[in-house]
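Undergrad:
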Amino acid sequence: MARQASRGAISARSERGRNTRGERSGSESSRGAHQSPEESDNEDRRSGGEWGQAEITEIREKLEAIALTTTTSSNELRELQKKQQQLAATLKSEAIVGLTNSMGRKMEEMEQACKESTKATDFQADAAKHLESRVRAAIAQLESTHSLVVARVFQTKTTLGSSLLHPGEPTRKRTAVWDIKTPGPRCCFCNGGHISEKCEIYPDWETRQQQLRRKELCDRCTRAAAHAKCEKARRRCQYCKAVHHNALCRQKFPTTAVTQGARGEMESPKPDALATDPYPGKQRAAGKIQLINPVHLLKMGDADMETEEQAGPEEQAGPEEQAGPEEQAGREEPVKEARAGNEE
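Under our numbering, the first residue of the sequence shown carries the number 4, and numbering increases by one thereafter.
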């Protein structure tokens, strides 16, 4: 609109200039017909000067119109540039908002996936800890049962050997050591009521080391394995001056063939043998090996003791006194064989 207005003003001014020049030229021509040559020359000079002034004015007006048009165009260009910048900023903000929304959705999905994976991992860890605790409890129970069975077998052998060596003596009722709860030392290998150095169930260094590893005990304080925080980390053996417990001295308690044989006899029966054969123990009598259960032996011993207590002294000694020398010699033969077996 501004351009059209400026162009209309310029065209109007040019029309006025043309009309003015036409009028002047007509008046000058009429004057030249009545004037002299000198007057006509002067008139030409005046008209020439006026015509040049009109042209300059017209050119000036055109230049002003061009300047106005240029100013208007530059203002419009600035406005267009501002609008372009605003549109670009709006587009950028829209793109950023869309990208932010998509990233937010992705982050929520990733967070949900992480939560689910964390829940699964926690469940697996809890299950593993629960299974580990149950396995440890089962191992501890098996170890205690193993120690109890070994101690019972050892006591049964001792009782059986004494009864075979001294058949004429009355059998006395014996109470198991593990049933008596008296304060005193406790063996770390068999849980017996004696110090660990005098353990007869695990008499040598090798069996004691195996039992120590099986029960996961410290080789310095014979407690739960904690070598880094052991109270007796600098404790030395009084026999060999090495850093270990006195009961684990290899020089004091060496592994020999005799101890190996004794250890083989004192080892507890395997679970398969217990399951298939109800009589895992051994009894040597009359040159034959007969399998019996140590529990049955204890029950039989208790029954014999009750019978002997109820019977009088005459009844207890009657069969032996009435028997002849041949029968007594026949009875002494299994006793001699049992003694020879124990000495071996």
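Cβ coordinates follow ideal geometry from the N, Cα and C atoms, glycine included.
1) With a cut-off of 8 Å on the beta carbons, I'd call Arg223 and Arg238 a contact; round off their distance for me.
2) Taking buried to mean at least 16 other C-beta atoms within 10 Å of its own C-beta, is Ile204 buried or exposed?
3) May I ask you to report which of helix, strand or coil DSSP gives Met250?
4) Quick check on this structure: which residue in Lys85, Val153, Met106, Thr210 has the alpha carbon closest to the alpha carbon of Pro257?
5) Could you work out which residue in Thr161, Ser150, Thr159 is closest to Cys191 when comparing CA atoms only?
6) Are the CB atoms of Cys221 and Cys233 within a distance shorter than 8 Å?
7) Can you tell me whether DSSP reads Thr245 as helix, strand or coil?
8) Taking the CB atoms as reference points, tell me whether Gln212 and Leu251 lie closer together than 8 Å.
9) With Leu3 as the anchor, note down where its alpha helix (DSSP H) starts and where it stops.
10) So what's Leu294 in DSSP terms, helix, strand or just coil?
11) Pro188 and Ile198: beta carbons closer than 8 Å?
12) Would the beta-carbon of Gly196 fall within 8 Å of that of Cys202?
13) Should Trp208 and Arg253 be called a contact, given that it needs their Cβ atoms to be closer than 8 Å?
14) Taking all protein chains shown into account, do 16 or more other C-beta atoms lie within 10 angstroms of the C-beta of Thr103, making it buried, or fewer, making it exposed?
TA: Looking at the atomic coordinates:
1) What you label residue 223 is simply residue 220 of the sequence shown in a count that begins at 1. What you label residue 238 is simply residue 235 of the sequence shown in a count that begins at 1. Yes, they are in contact, since the Cβ atoms of Arg223 and Arg238 sit about 5 Å apart, within 8 Å.
2) Stepping through the sequence shown from its first residue, residue 204 is reached at position 201. Buried.
3) By one-based count along the sequence shown, residue 250 stands at place 247. Before going further, note that residue 250 is Ala rather than Met in the sequence given. Here Ala250 sits in helix by DSSP.
4) The sequence position of residue 257 within the sequence shown is 254, counting from 1. Between Pro257 and the set Lys85, Val153, Met106, Thr210, the nearest pair of CA atoms involves Thr210.
5) The residue you call residue 191 lines up with position 188 of the sequence shown. The option with the nearest alpha carbon to Cys191 is Ser150.
6) Along the sequence shown, read from residue 1 onward, the residue named residue 233 stands at position 230. Along the sequence shown, read from residue 1 onward, the residue named residue 221 stands at position 218. Yes, the pair counts as a contact, with Cβ atoms nearer than the cut-off.
7) By 1-based counting over the sequence shown, the position of residue 245 is 242. According to the sequence displayed, residue 245 carries Ala and not Thr. Correct three-state label for Ala245: coil.
8) Here the question's residue 212 lines up with position 209 in the sequence shown. Here the question's residue 251 lines up with position 248 in the sequence shown. Their beta carbons are under 8 Å apart, which means Gln212 touches Leu251 by this criterion.
9) Residue 3 falls outside the range modelled here, since the chain spans only 4 to 347, and no answer is possible.
10) Here residue 294 refers to the residue found at position 291 of the sequence shown. Reliability fails at Leu294, whose pLDDT of 45 lies under 50, so the model's placement of it is uncertain and the value that follows must be treated cautiously. In the structure shown, Leu294 sits in a strand (DSSP, three-state: E or B).
11) One-based indexing of the sequence shown puts residue 188 at position 185. One-based indexing of the sequence shown puts residue 198 at position 195. Going by C-beta atoms, Pro188 is nearer than 8 Å to Ile198.
12) Position 193 of the sequence shown, counting from 1, holds the residue named residue 196. Position 199 of the sequence shown, counting from 1, holds the residue named residue 202. Cβ distance not < 8 Å, so Gly196 and Cys202 don't count as in contact.
13) Within the sequence shown, residue 208 is the residue found at index 205, counting from 1. Within the sequence shown, residue 253 is the residue found at index 250, counting from 1. Yes; because the gap between Cβ atoms is below 8 Å, this pair is in contact.
14) The residue given as residue 103 occupies position 100 in the sequence shown. Exposed is the call here.
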